[in-house]
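J.: Protein chains in written order, with my numbering: chain A, 826 to 1207; chain B, 826 to 1207; chain C, 826 to 1207.
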Amino acid sequence: MSADTIADRLRQQIATATSRRAFLRQAGLATAAVGATGALAACAQGDAAQANQATPGGAADHSGGAMAARPAPAAPAPGGEGVYGGLTLEQARARADAMDAMHEKGVKAFPAKTQGMGNQVLDPRLDKGVKVFELTARPMKWETEPGKFVYAWAYNEQVPGPQIRVTEGDRVRVVIKNELPESTAIHFHGVVLPIAQDGVPFITQPPVKPGESYTYEFTAKNAGSHMYHSHINAAKQVGSGLLGAFIIEPKRPRAIEKVDVDYVMVLNDGVHGYTLNGKGFPATEPIKAKLGQKVRVRFMNEGMMIHPMHLHGMPMTVIDKDGWAQPAPWKCDTLNIAPGERWDVVIDCDNPGVWAFHCHILPHAEGEHGMFGMVTALIVEK
Amino acid sequence: MSADTIADRLRQQIATATSRRAFLRQAGLATAAVGATGALAACAQGDAAQANQATPGGAADHSGGAMAARPAPAAPAPGGEGVYGGLTLEQARARADAMDAMHEKGVKAFPAKTQGMGNQVLDPRLDKGVKVFELTARPMKWETEPGKFVYAWAYNEQVPGPQIRVTEGDRVRVVIKNELPESTAIHFHGVVLPIAQDGVPFITQPPVKPGESYTYEFTAKNAGSHMYHSHINAAKQVGSGLLGAFIIEPKRPRAIEKVDVDYVMVLNDGVHGYTLNGKGFPATEPIKAKLGQKVRVRFMNEGMMIHPMHLHGMPMTVIDKDGWAQPAPWKCDTLNIAPGERWDVVIDCDNPGVWAFHCHILPHAEGEHGMFGMVTALIVEK
Amino acid sequence: MSADTIADRLRQQIATATSRRAFLRQAGLATAAVGATGALAACAQGDAAQANQATPGGAADHSGGAMAARPAPAAPAPGGEGVYGGLTLEQARARADAMDAMHEKGVKAFPAKTQGMGNQVLDPRLDKGVKVFELTARPMKWETEPGKFVYAWAYNEQVPGPQIRVTEGDRVRVVIKNELPESTAIHFHGVVLPIAQDGVPFITQPPVKPGESYTYEFTAKNAGSHMYHSHINAAKQVGSGLLGAFIIEPKRPRAIEKVDVDYVMVLNDGVHGYTLNGKGFPATEPIKAKLGQKVRVRFMNEGMMIHPMHLHGMPMTVIDKDGWAQPAPWKCDTLNIAPGERWDVVIDCDNPGVWAFHCHILPHAEGEHGMFGMVTALIVEK
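1) Can you tell which of B:A1114, B:E1110 and B:G1095 has its C-alpha closest to the C-alpha of B:K1207?
2) Quick one: what's A:C1184 bridged to in DSSP?
3) Quick one: list the residues of chain A neighbouring B:V1017, beta-carbon separation under 8 Å, in chain order.
4) Can you check whether the C-beta of C:D1173 is within less than 8 Å of a C-beta belonging to chain A?
5) Looking only at C-alpha atoms, which of C:A1010, C:N1003, C:A1048 and C:T1100 sits nearest to C:M942?
6) What does the Cβ neighbour count give for A:Q940, buried or exposed, with the cut at 16 atoms within 10 Å?
7) In chain C, which residues lie less than 9 Å from B:G907 when you measure between Cβ atoms?
8) Could you give the first and the last residue of the continuous alpha helix (DSSP H) run that contains B:M927?
9) What is the DSSP secondary structure of B:K1034, counted as helix, strand or coil?
10) If the cut-off is 7 Å on Cβ atoms, which residues from the region 1043-1073 of chain B count as contacting chain A, listed in chain order?
11) Which of the residues in the region 1075-1105 of chain C, read from start to end, lie with their CB under 7 Å from any CB of chain B?
12) Looking at the secondary structure, which residues open and close the alpha helix (DSSP H) in which C:G1117 lies?
13) Is the beta carbon of B:E1037 closer than 8 Å to that of B:V1000?
14) Nearest to C:P1140 by CA position, among A:F1106, A:K1156, A:L1018 and A:V1089, is which residue?
15) Kindly identify the DSSP beta-bridge partner or partners of A:V955.
16) In whole angstroms, give me the CA-to-CA distance for C:V1171 and C:P1154.
17) Residues of the region 1155-1174 of chain A in Cβ contact with chain C at a cutoff of 7 Å, in chain order, please.
18) State yes or no: is the beta carbon of C:Y980 nearer than 8 Å to at least one beta carbon in chain B?
19) What would DSSP say about C:I1144, mapped onto helix, strand or coil?
20) Tell me whether C:V1016 sits in a helix, a strand or coil according to DSSP, three-state version.
21) Look up A:N1058 in the DSSP assignment and give the residues it is bridged to.
22) One question on the structure: do C:M1196 and C:H1189 come within less than 8 Å of each other, judged by their Cβ atoms?
23) For B:E1007 versus B:K1104, is the C-beta distance shorter than 8 Å?
24) My guess is that B:A1010 and B:I1057 are in contact by the Cβ rule of under 8 Å, so how many angstroms apart are they, rounded?
25) Buried or exposed, going by whether 16 or more other CB atoms sit within 10 Å of the CB of A:V946?
26) If the cut-off is 8 Å on Cβ atoms, which residues from the region 1012-1036 of chain C count as contacting chain B, listed in chain order?
27) On a CA-only basis, which of B:P1035, B:A1070, B:A1060 and B:N981 is nearest A:D922? Give me that one, please.
28) Any idea what DSSP makes of C:Y909, helix, strand or coil?
29) Can the beta-carbon of B:H1097 be found closer than 8 Å to that of B:Y1053?
30) Look at the alpha carbon of C:V1033 and the alpha carbon of B:Y909, and state the distance between them as a whole number of angstroms.
31) Are the C-beta of C:Q878 and some C-beta of chain B separated by less than 8 Å?
32) Three-state secondary structure (DSSP) at A:V1179?
33) DSSP state of A:P1063, grouped into three classes?
34) What does the alpha-carbon distance come out to for the pair B:K956 and B:R990?
35) Does any residue of chain B bring its CB to less than 8 Å from the CB of C:E1007?
36) Got a sec, what are the start and stop residues for the beta strand (DSSP E) A:Q1151 sits in?
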């Protein structure tokens, strides 16, 4: 389904309701003649709380200024009590129209095109039965939403780095070439392997200096959703993008994990702002399924904050934690994912529509100018 | 049980212990003649950490200045080492007495009366078998603790908005009238319904402009503890009070959910400060039960931060997550509740007393001046 | 195993890899002649995001300045794109060498000696069958990492306070002597006891004034990992160190809790910085086991933030929450622990090595200068 098709679907979905609104306006409730600018100037009494709410919630700003680029609210809320907060209906409608235009623009742009796409499955080279994955770490610019370029340190020019997928029992080799201006190393987070392959400089190996390459090799033992990322100067290196999904598929999948769509969702909140797979709304990628299909989402938090991810319309059935099966599956619609955690859920797509799917720390997802950051959609097609 | 009765109970509960203290004082350990003010001036060496600890913990201040109104600590801790931190016993006792008086004042005031009470069950109007709930969103002033009025956007002049309770299978209609100075919409968080009723402007419906009304209608399918709240400019609108509990009672309750007291506790941390059902201690509402009764608490987090709620005296048995039964009930005394999550617990009230019940992020619950914010009590009467 | 032996083990473990690096250097990839200082000066383009990342993550700085003492990064990352971020290989290697030296110094120092050790088991005095524990609360200086002394309020000059261990059914008496410059009281967090022993001033007892003693007495009923801490001015008093582990061992241990090593890990993030049992890396204590042994870790969060603890190399099997058995054990490698929570896990030590064990909010564990704060290791000896 192309971006255009999704935009069409959204337009169609709200058509009936919109016609109702047009009727109401014609019936005399429509916006008065006062221009939005005039009305807003008249009611710009400021709102100190807003500055706070537009920036990262529940946290100091770790965005390195990326979020700060967002302009100040164009339409601060009036501070008055009572109907329309002391505005006239005309002023309130003008204010609403100005804000709504910004919100609508974001939704209509979804999914917006940006340069680069992270988390792409990396095909291994085979060397005498060993699956070989080659990664190069290098600084670059990364576009997180249309026109917003941020400084990134990336594996193979992807944020998240390329997705590595192997099967339980595979012999795996990962070669990292360091083109960063400092040492690096790779830790395979959650993967059970011998200590020499654990990737912690000065404990299990020397640091990989700029210009050097380093090779990890091990047998993939524990199936599940894991990660790989730097383990030196990690707050900086992982925060800048040196991270990716490392998935070990089981030899014998359980019935519950036989799904139609297998989706990895990496959460982040560092210098790139609030992102899902390296992009902020409206540049995030929708998840698409047909009615009756099953979708598995593998949540992975590579950030510094919790992100309680909320799906509209259908529950999520939690099956795995950190790649290990839960004793029994359990349902929820909001799943709290802490840094370093992976949670796997299965969604029975039995409710057609374009369903919002977002972090429920609201300042990670929406501001005065509309939705941004950790927002995507699950699209269930009839 | 009236507020006076509770205060009486508290007084009685500490009477024995207090008489012991009176004895000790008579025996010569009592406060020396140095007045509290003098002693405090003498030892006011400041404590930079305190300014931090008195404001929201683990987070930037999202209170919009509501918390900042709290006065600076009257009795900063001395910085010295050793016995009494370098004070004389007399100085230390004078300092303690001054602080204790503030702590005692807060406890004695509990539960303090304030204007307005949120989360009141809203009786529906019946229209040909449909349960109709009418909500009006409008700015107002809201009293969170005695004398502290904050700016709120509220449904039907309640924060949280009126509690909606229906039964599995009910046909439900919710009519929202918008008297805000911007557009709004209602999302029924956790409720399984058709996409057209999902309440996300520009995705499932047009925004509801100031002066307009909008109607949602659906059949309540999934029993459990859910919520309703704005889904446009949500960080601002939900943060200002546009939220409420939406409970779907099951047609056939499980044995474990047959309780004597069914209590909804909405957690929040926005511009209104740290609140339980829209009020901060001592204006929070105690939960009351008789010895041997069962209490169900439905925790709902509508804020931006986690709140690990801790009950003294008795464990809580967790039965539901987001309205879905856990595979097996499990016990705890501290339950971490993330934004957007609902957790249902059952408490066997087998231990009589006035039991503190509070968020265990301590700066959300207590400061130099005593308890505040997310603190209430479970009162188990003999 | 002494500190020297561990350092030896680390050296031995990286010996093979190091010889490989030496080979590479001899082969012509070695650091160029440009001195580190010169190279760094040439590329010191600053990095505003770093100041943020080096301080507490996901939170305002609650450290009271303890963390601020850490010097500014000596080697800010260059801001350029592409290979080595615009540096020459020689400049990048010089920068890497300077940073690596700091990282190596921290690892080699582990476990570093500091004054004082908290969480030491306190042997009770027996009084007619009652186990009597005597605690004195008093200000002191506490060394959290070599040379970093912080202001603390401590029980018996330990942070965390002495570990109290009793057995289910024991009669327990705890006597607190207050030598603080303000009132105090002890709450036994998680312990089921009569209301008069619950330790909440003005609700269950009068405050314990400076110079006074107070006695708690109760029968230990509910086995499990609990805590004791102050419950007046608690954000300040607990944040300053008035906390400890209170463990009730079961009369009849379950098979799953028969372990070789029983380790209590108290997490904190207050004025003392990010600590495990009162110390920051490299002064934290490694956990030691032999191959094939079982280790139980009792996580207890006495701080204000979540800490998702991540163990390398082996999964953790979660058995208890707040001292209550989970319905079925479940596995993970990253366990999110919120303030006030206790989680008990069992680790089957089947993978030899020195395994990193740390909070996965990376700014709680590593900065430009190397690892610090909430980092330790599980050492599994062959």
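All C-beta atoms in this analysis are idealised placements derived from N, C-alpha and C, irrespective of residue type, glycine included.
All values derive from a computational prediction rather than experimental measurement.
T.: The answer reads as follows:
1) For B:K1207, the closest C-alpha among the options B:A1114, B:E1110 and B:G1095 is that of B:A1114.
2) For A:C1184, which the question treats as bridged, DSSP gives the partners A:M1134.
3) Close to B:V1017, with beta-carbon spacing below 8 Å, are these residues of chain A in chain order: G1138, M1139, P1140 and N1176.
4) At least 8 Å separates the CB of C:D1173 from every CB of chain A.
5) Out of C:A1010, C:N1003, C:A1048 and C:T1100, C:T1100 has the C-alpha closest to the C-alpha of C:M942.
6) By the neighbour-count criterion, in which 16 or more other beta carbons inside 10 Å mark a residue as buried, A:Q940 falls on the exposed side.
7) In chain order: R963, P964, M965 and E1004.
8) Segment L914 to A934, the alpha helix (DSSP H) holding B:M927.
9) In this structure, B:K1034 counts as coil in the three-state DSSP scheme.
10) Answer set for the region 1043-1073 of chain B: I1057, N1058, A1059, A1060, K1061, V1063 and G1064.
11) Against chain B - using a Cβ distance shorter than 7 Å - the residues of the region 1075-1105 of chain C are V1096.
12) Looking at the DSSP string, C:G1117 is not in any alpha helix (DSSP H), and its letter there is neither H nor E.
13) No, these two residues do not count as a Cβ contact at 8 Å.
14) If we check each option's Cα against that of C:P1140, A:L1018 comes out closest.
15) Beta-bridge pairing links A:V955 to A:D952 and A:R996.
16) Looking at the two C-alpha atoms, the distance is approximately 9 Å.
17) Contacts with chain C (Cβ-Cβ distance below 7 Å) from the region 1155-1174 of chain A involve A1163, P1164, G1165 and E1166, listed in chain order.
18) Any Cβ of chain B closer than 8 Å to the Cβ of C:Y980 would place that residue at the interface, and such an atom is absent.
19) Residue state for C:I1144 is assigned as strand, using DSSP reduced to three classes.
20) DSSP, read as helix, strand or coil, puts C:V1016 in coil.
21) For A:N1058, which the question treats as bridged, DSSP gives no partner whatsoever.
22) Taking a C-beta distance under 8 Å as the contact criterion, C:M1196 and C:H1189 do not qualify as a contact pair.
23) Result no, Cβ atoms of B:E1007 and B:K1104 do not sit closer than 8 Å.
24) Yes, B:A1010 and B:I1057 are in contact; Cβ-Cβ is about 5 Å, under 8 Å.
25) A:V946 is exposed by the Cβ-count criterion.
26) Here the close residues are H1012, H1014, G1015, V1017, L1018, P1019, I1020, A1021, D1023, V1025, P1026, F1027, I1028, T1029, Q1030, P1031, P1032, K1034, P1035 and G1036.
27) Of the residues B:P1035, B:A1070, B:A1060 and B:N981, the one whose Cα lies closest to the Cα of A:D922 is B:P1035.
28) Three-state result, C:Y909: helix.
29) No, the Cβ-Cβ distance between B:H1097 and B:Y1053 is not below 8 Å.
30) Cα to Cα, the separation comes out at about 13 Å.
31) In this prediction, C:Q878 has a pLDDT of 30, which is less than 50 and means its spatial position is unreliable; what the coordinates show is noted afterwards. Judged by the 8 Å Cβ criterion, C:Q878 is not in contact with chain B.
32) The answer is strand: DSSP assigns A:V1179 an E or B state.
33) A small fix is needed here, since residue 1063 of chain A is Val in this sequence, not Pro. Three-state DSSP puts A:V1063 in a helix.
34) Within the model, the alpha-carbon separation for B:K956 versus B:R990 is close to 10 Å.
35) C:E1007 counts as touching chain B.
36) DSSP places A:Q1151 in the uninterrupted beta strand (DSSP E) bounded by W1149 to C1157.
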